[in-house]
Amino acid sequence: MRPATAGHLAMFTFSALVAGSFALGSRAANDIDPLVMTAARFWVASGVLAILATALGGWDRRVLAAPWRYIVLAALMAGYFVAMFEGLKTAPPVSTSAVFTLTPIMAAGFGWLLMRQRLTGRMMLALVIGGIGALWVIFRADLSALLGFDVARGEFIFFWGCMAHALYTPLVARLKRADGTLAFACLTLLGGAVLVSLYGVREIAATDWGQLPRIVWITLVYVALFASAASFVLLQFAATRLPSAKVMAYTYLTPTWVIAWQLALGATAPGPLILVGIGLTIVALFLLLRDEEARPVGVPA
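Heads up: the sequence shown begins at 1059 in my numbering, then just goes up one per residue.
As structure tokens, then:
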């Protein structure tokens, strides 16, 4: 299998797994502090990856070089996850996932700054179409809200988390070097667990773990194993095989996956006007995936 094909398959799976965290997270966000949830998911996910890396012989002395790399990457992802759960307290999951689809535009900018990755005309068109579709969903298909830039609090908070996520993607390609994917992801998650635990030590200590609702535990297990451990490995795997904009292009599938998750969990489907915006994000995805002329990650222009 070609490296680019493997990267595309990894990101397709990534988009489905990430969507589940929006659907489940919206049901648990008001029952647990975002810092506590993020710290717990990082500790569990890093432990799982440590076991896998050990079992598969994924540890190498080189992975311990320049440990500051893990702190930088962990801080970015910790900011993203905390912002996501804080945003989900008030923002609906479909709308929040639409904010997430703005990350390809930001990732393309960071990819150019850090890796000098150029965008072709088709990629730029796709990013614009996807951005319009995302904004249409974020503003709930309300043209007056869009013109007045009436952004709800939850979406605004999550936007800054998405900015951190977009910066993370090209930084992985720049900082990963020849490290094993499992070990690198494990140490990144471990760094995030330490950072968030230190910052949120009071919230963690004040949490009555025995009284948490079942949905919180279900969400924690899911986000730790699938939306953290698995998705980190998939993202880092793809980030070294595809340009940053293409990696993040798969976020355009997230609102569609979220709707599928919501329907599976018994929620009602969004209105037809909202579906128009989601349709534009899917068009953007196909435009980006058809364009194979951009330089791969790690190859400066």
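Don't be surprised by glycine CBs; every beta carbon is placed ideally from N, CA and C. Note that the structure is a prediction, hence the values are computed from the model and not measured.
Closest residue to residue i among the options (Cα-Cα distance)
i	options	result
residue 1162	1233, 1097, 1185, 1059	1185
residue 1214	1199, 1149, 1245	1149
residue 1254	1061, 1094, 1294	1094
residue 1183	1317, 1332, 1320, 1307	1307
residue 1104	1079, 1333, 1289, 1334	1289
residue 1210	1257, 1281, 1146	1146
residue 1279	1112, 1096, 1181, 1073	1096
residue 1283	1098, 1319, 1070	1098
residue 1151	1140, 1260, 1087	1087
residue 1073	1247, 1246, 1285	1285
residue 1089	1181, 1275, 1248, 1223	1275
residue 1332	1101, 1154, 1100, 1102	1154
residue 1234	1273, 1118, 1259	1118
residue 1341	1181, 1199, 1222, 1256	1181
residue 1218	1128, 1262, 1144, 1257	1144
residue 1100	1079, 1132, 1112	1132
residue 1337	1172, 1112, 1193	1193
residue 1301	1287, 1176, 1261	1176
Pairwise C-alpha distance: residue j and residue i
i	j	result
residue 1339	residue 1304	13 Å
residue 1312	residue 1063	20 Å
residue 1126	residue 1327	44 Å
residue 1168	residue 1191	21 Å
residue 1243	residue 1330	39 Å
residue 1299	residue 1059	12 Å
residue 1195	residue 1130	32 Å
residue 1319	residue 1271	20 Å
residue 1065	residue 1297	8 Å
residue 1241	residue 1136	18 Å
residue 1344	residue 1170	22 Å
residue 1165	residue 1317	24 Å
residue 1188	residue 1295	24 Å
residue 1220	residue 1273	25 Å
residue 1199	residue 1222	26 Å
residue 1172	residue 1287	26 Å
residue 1112	residue 1261	32 Å
Buried/exposed call for residue i, threshold 16 Cβ in 10 Å
i	result
residue 1309	buried
residue 1179	exposed
residue 1212	buried
residue 1267	exposed
residue 1159	buried
residue 1114	exposed
residue 1076	buried
residue 1061	exposed
residue 1269	exposed
residue 1334	exposed
residue 1139	buried
residue 1156	buried
residue 1247	buried
residue 1346	buried
residue 1314	buried
residue 1259	exposed
residue 1047	Nothing about residue 1047 can be read from this structure; the chain reaches only from 1059 to 1359.
residue 1263	exposed
Cβ pair residue i, residue j closer than 8 Å
i	j	result
residue 1121	residue 1238	yes
residue 1091	residue 1265	yes
residue 1226	residue 1321	no
residue 1292	residue 1068	yes
residue 1216	residue 1142	yes
residue 1256	residue 1128	no
residue 1252	residue 1079	no
(request) For the segment 1229-1239 and the segment 1083-1100, state whether three or more C-beta atom pairs, one from each stretch, are separated by less than 8 Å. (result) no
(request) Report yes or no: do three or more beta-carbon pairs, one from the segment 1102-1122 and one from the segment 1317-1336, lie closer than 8 Å? (result) no
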